[in-house]
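Trainee: In the numbering used here, the protein residues as written are 483 to 1021.
After the C-alpha cells below, expect a handful of questions from me.
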Ligand code: N01
C-alpha cells in the first residue's frame, strides 16, 4: 500500500489505470521517457478485456496478424499467431509474452481497483485512491480502462432467487465452466452470445436462447494460419501498421470500394457482396462507398446478408425470428460466428424472442418469460457492457474546480478528441469517447493515442509546462462535430451500445468518432503541430 509523500511532491510522475493493451503500452512508453509510473489493475494479471472475457468461444473478430502491437519489430518477430482469428487464451498468452519481454509487471500493482482521483489546482497534482487503501499523488493520470470493460447484468427481478449458477460473459470464471448435461439459458445475442452459444450448445443437454434483437452475423471463416502467411507478416508488420493508420478502420485486410451502389450494376454489386461475405470479417461493409451512408444502399447489403443467414437455418419460422429487420447492417457491431445459426437446427436448442414475450423475472428454477417458466441449471448473461464511459465513470473523478466527471458527463461524454475533458488537467483517456476506438482496430487506435500522449507529456516535462487541459470551446466544437458526423450516418438508426441504448438510464448519444482513423490521425497531428491548439497549457 502506498501512502502519499509530503505535500506538493508527487509519488509518481504518472499513474495509469488498467493493464490491458492500452495500459501496457502506455507504461512502456512513459518509462522510456524516464518517468516514474505506477499502473493499477483490478485483475491479478495483465490483459484487460482479454483477462476477463474468458467465456467459451471467445475470439477476436479482427485478424490476429493485425490485432497485435506494431511498435516493436523484436516483439512481433518473437511471436507466432496460429489462427486467423485468435482465441482468447492465445491473445492473453501474447499479452503475457509482451509483459515478460518489456518487464512490465514490476510497475503494475495487481488486484487493486482505483476508486477515486482528485485534482488539486494548487499543487497541480492528482490524488489517486484505491480499494486497497493506497493514496498517492501523481502529475499525470491516464485512464487505460478499456471501452468494453464494465460488464453489465440487467436489472432483472429475482436474480437473487435463482437456485442455479449464473455467469456474465465479460466476467467469466477462470477455472472455466462445464455445462455438460445441464439445462442452460443464454440471455443476449450480441458478439459474446453469438460466439459462446455454439460451444455451450455442444455441451448442454438443453439450451434456451433469449433473443431481444436479432443481429447480422456472418461466418468468421477462421482457419489455421500458414507458415508463409505468418512469415510474410513478420517482414512487413511495421510498414503494414503505417498503412493501417492511413485507413478508415485501422485495417489493411480489405479495401473500401469507393463506387456508389447506384454506379454498379446489380450483378456487379452481388458479386462484390458475395466475394466479401466469403472473405469474412468487416470487408463486407466496404462493398460499395455508400453502404454505411444511405438506407437505400444499405438495404441492398442487408437483404443479401439476410438471404445468406436464412439459408443456414432449416426451419423457416425459426430462420425468420433470427432475421435482423430493425436496423441497417453494420450500425450495430457486425457479428462474426463459427456455426452460430446452424445450432438452431439442433433438437436441444430453443429460441425465445423476448420482444414477443418479454422476460418478466428470474425465478428459483429459471427464466419466466411470457407467462412460461424456462427451467435452467445455469444462466449466462451475454448482455454486454456499460460501454465507453462505464469504466471511466466507475472511478470518482474530481477536476480542477471540484467538478465531478460523472456530473459533467451526465447528459453524455464530453471530450476534446476523446483524449481529455475541460476542467480535468493532465487527465488522459486512451481510446476515450469522441475517438475512433470501437469503430476501428483497437490496437491501432490505442497506439495512436499512446504515441500522442507520450509526445505531449514529453513536451510538457521538457518545457517545464505544468499542465494541459482541453478548452471548453474546443471540446464543445468537437462534441458537435462528432454528433454531426453521426447524424449524417446510419448509426443512430439502431439501439446500439454505441449510442448507450443498452442501458435504460444512460443518455443516448453516439459516443465514438465515426470519421475514420486516417482523418482522425491527421487531426491529432495538426493539433500537436499547432502547439496543442484547443488545449490550454498551464505554466
Ligand atoms: O454485448 P452486446 P456483447 N433483456 O451489447 C441483449 C465486443 N466484442 O458482450 O441488442 C434481453 O453487443 C442485447 O439485446 P439488444 C464487440 O465490439 C467483441 O455481445 O440490446 N436482452 C444484446 O443482444 C461487441 O459489440 C468480440 O436488444 C438483453 C446482448 O444482450 C461488444 O464487445 C466478442 C437485455 C448484448 O450484446 C459487446 O458485445 C465479444 C435485456 N434486459 C464482444 N440487455 C469479438 O472480438 C441486453 N440484452 C468477437
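Using N, Cα and C, we set each Cβ at its ideal position, and we do this for glycine too.
When the Cα of residue 637 is compared with those of 959, 863, 909, which residue comes out closest?
Mentor: Start at 1 with the first residue of the chain shown, and residue 637 comes out as number 155. With distances taken between Cα atoms, residue 637 lies closest to 863.
Trainee: List, from N- to C-terminal side, the beta strand (DSSP E) runs of 3 residues or more that fit wholly inside the stretch 793-852.
Mentor: With a minimum length of 3 residues, the continuous beta strand (DSSP E) runs that stay inside the stretch 793-852 are 817-819, 831-835, 841-844, 848-851.
Trainee: Once you ignore the five residues that flank residue 927 on each side, which residues in its own chain have a CB closer than 7 Å to its CB?
Mentor: Here residue 927 corresponds to residue number 445 of the chain shown, with the count starting at 1. Taken in chain order, the residues that qualify are 732, 913, 917, 918, 919, 999.
Trainee: Out of 669, 673, 520, 648, which one is the CA nearest neighbour of residue 543?
Mentor: Taking the first residue of the chain shown as 1, we reach residue 543 at position 61. Among 669, 673, 520, 648, the Cα nearest to that of residue 543 is on 673.
Trainee: Quick check on the burial criterion: 16 or more other C-beta atoms within 10 angstroms. Buried or exposed for residue 720?
Mentor: To locate residue 720, count along the chain shown from 1; it is residue 238. Counting Cβ neighbours within 10 Å, residue 720 comes out exposed, since fewer than 16 surround it.
Trainee: Considering only residues of the stretch 912-948, which uninterrupted alpha helix (DSSP H) runs meet the minimum length of 4 residues and lie entirely inside it, listed in chain order?
Mentor: Runs found: 924-944.
Trainee: How many Å lie between residue 645 and residue 581 at the Cα?
Mentor: Walking along the chain shown from the start, residue 645 turns up at place 163. Walking along the chain shown from the start, residue 581 turns up at place 99. If I take the Cα positions, the gap works out to 40 Å.
Trainee: Let me check you understand the geometry: is the CB of residue 977 closer than 7 Å to at least one non-hydrogen atom of the ligand N01?
Mentor: As a working note, residue 977 is residue 495 in the chain shown. Yes, the Cβ of residue 977 comes within 7 Å of a heavy atom of the ligand N01.
Trainee: Tell me whether residue 920 counts as near the ligand N01, meaning its Cβ is closer than 7 Å to at least one heavy atom of that ligand.
Mentor: Stepping through the chain shown from its first residue, residue 920 is reached at position 438. Checking every heavy atom of the ligand N01 against the Cβ of residue 920, one is found closer than 7 Å.
Trainee: Based on the DSSP output, what are the partners of residue 1020 in its beta bridges?
Mentor: In the chain shown, residue 1020 corresponds to position 538, counting from 1. Beta-bridge pairing links residue 1020 to 949.
Trainee: Nearest by alpha-carbon distance to residue 564: which of 942, 771, 713 is it?
Mentor: Sequence index remark: in the chain shown, residue 564 carries index 82 (1-based). Ranking the options by Cα distance to residue 564, first place goes to 713.
Trainee: Output the distance between the C-alpha atoms of residue 628 and residue 910, rounded to the nearest integer angstrom.
Mentor: Walking along the chain shown from the start, residue 628 turns up at place 146. Walking along the chain shown from the start, residue 910 turns up at place 428. If I take the Cα positions, the gap works out to 13 Å.
Trainee: When you measure from the CB of residue 932 to every non-hydrogen atom of the ligand N01, does any distance come out below 7 Å?
Mentor: Here residue 932 is taken as the residue at index 450 of the chain shown, counted from 1. False, no ligand heavy atom lies under 7 Å from that Cβ.
Trainee: Less than 8 Å between the CB atoms is what I'm expecting for residue 957 and residue 898, so what's the real figure, rounded?
Mentor: Stepping through the chain shown from its first residue, residue 957 is reached at position 475. Stepping through the chain shown from its first residue, residue 898 is reached at position 416. Contact flag correct, Cβ pair sits at about 4 Å.
Trainee: Is residue 627 near the ligand N01, going by C-beta to nearest heavy atom under 7 Å?
Mentor: Sequence index remark: in the chain shown, residue 627 carries index 145 (1-based). No, the beta carbon of residue 627 sits no closer than 7 Å to any heavy atom of the ligand N01.
Trainee: Applying the criterion that 16 or more other CB atoms from any shown protein chain within 10 Å of the CB defines a buried residue, is residue 510 buried or exposed?
Mentor: Counted from its first residue, the chain shown places residue 510 at position 28. Answer is buried; the Cβ neighbour count reaches 16.
Trainee: Could you tell me whether any non-hydrogen atom of the ligand N01 is closer than 7 Å to the CB of residue 671?
Mentor: By one-based count along the chain shown, residue 671 stands at place 189. Yes.
Trainee: Quick test of the definition: if touching needs 3 or more C-beta pairs under 8 Å, does the stretch 492-508 touch the stretch 517-526?
Mentor: Contact between the stretch 492-508 and the stretch 517-526 is present, because at least three Cβ pairs lie under 8 Å.
Trainee: What first and last residue would you give for the beta strand (DSSP E) that runs through residue 608?
Mentor: Mapped onto the chain shown, residue 608 falls at position 126. Element bounds for residue 608: 607-612.
Trainee: For residue 648, which beta-bridge partners are listed by DSSP?
Mentor: Taking the chain shown and counting its residues from 1, one reaches residue 648 at position 166. Per DSSP, 861.
Trainee: Flag this pair as yes or no: are the beta carbons of residue 867 and residue 979 separated by less than 8 Å?
Mentor: Locating residue 867 in the chain shown gives position 385, where the first residue counts as 1. Locating residue 979 in the chain shown gives position 497, where the first residue counts as 1. Contact: yes.
Trainee: Following the continuous alpha helix (DSSP H) through residue 961, name the residue where it begins and the one where it ends.
Mentor: If you number the chain shown from 1, residue 961 lands on position 479. Counting along the chain, the alpha helix (DSSP H) containing residue 961 begins and ends at 954-970.
Trainee: Which residue comes first and which comes last in the alpha helix (DSSP H) that contains residue 684?
Mentor: For this step, residue 684 is matched to residue 202 along the chain shown. Unbroken alpha helix (DSSP H) run through residue 684: 673-685.
Trainee: Pairs of beta-carbons, one from the stretch 652-661 and one from the stretch 834-849, closer than 8 Å: are there three or more?
Mentor: Too few Cβ pairs lie closer than 8 Å, so no.
Trainee: CB-CB under 6 Å to residue 688, same chain, minus the five flanking residues each way: which ones, in chain order?
Mentor: Looking up residue 688 in the chain shown gives position 206. Within the same chain, residue 688 has close Cβ partners 665, 830.
Trainee: Out of curiosity, what's the CA-to-CA distance linking residue 571 and residue 533?
Mentor: Counted from its first residue, the chain shown places residue 571 at position 89. Counted from its first residue, the chain shown places residue 533 at position 51. Answer to the nearest angstrom: the Cα atoms are 9 Å apart.
Trainee: If I measure Cβ to Cβ from residue 883 and keep anything under 8 Å in the same chain, skipping five residues before and after, which residues do I get?
Mentor: Counted from its first residue, the chain shown places residue 883 at position 401. Within the same chain, residue 883 has close Cβ partners 603, 905.
Trainee: Using the C-alpha atoms, what's the distance from residue 519 back to residue 639?
Mentor: For the purposes of this step, residue 639 is identified with residue 157 of the chain shown, where counting begins at 1. For the purposes of this step, residue 519 is identified with residue 37 of the chain shown, where counting begins at 1. Rounded to whole angstroms, residue 639 to residue 519 spans 44 Å at the Cα level.
Trainee: Thinking just about the alpha-carbon of each residue, which of 745, 786, 730 is nearest to the one in residue 757?
Mentor: In the chain shown, residue 757 corresponds to position 275, counting from 1. For residue 757, the nearest C-alpha among the options comes from 786.
Trainee: Report the residue from 552, 734, 535 whose alpha carbon sits nearest the alpha carbon of residue 657.
Mentor: By 1-based counting over the chain shown, the position of residue 657 is 175. Comparing Cα positions, the closest option is 535.
Trainee: What residues match up with residue 525 in a beta bridge as DSSP calls it?
Mentor: Residue numbering aside, residue 525 sits at position 43 when the chain shown is read from its first letter. Beta-bridge pairing links residue 525 to no other residue.
Trainee: Based on DSSP bridge pairs, tell me the residues matched to residue 600.
Mentor: The residue labelled residue 600 in the question sits at position 118 within the chain shown. 609, 880.
Trainee: DSSP on residue 753, reduced to helix/strand/coil?
Mentor: Along the chain shown, one-based indexing puts residue 753 at 271. The answer is helix: DSSP assigns residue 753 an H, G or I state.
Trainee: Taking the alpha carbon of residue 798 as the point to measure from, which residue in 783, 824, 513, 777 has its own alpha carbon closest?
Mentor: Walking along the chain shown from the start, residue 798 turns up at place 316. Checking every option, the nearest Cα to that of residue 798 belongs to 824.
Trainee: Cβ atoms of residue 865 and residue 676: under 8 Å apart, would you say?
Mentor: Along the chain shown, read from residue 1 onward, the residue named residue 676 stands at position 194. Along the chain shown, read from residue 1 onward, the residue named residue 865 stands at position 383. No; because the gap between Cβ atoms is not below 8 Å, this pair is not in contact.
Trainee: Indicate whether the contact test is met: 3 or more Cβ pairs, each with one atom in the stretch 738-752 and one in the stretch 585-599, closer than 8 Å.
Mentor: No, they do not touch.
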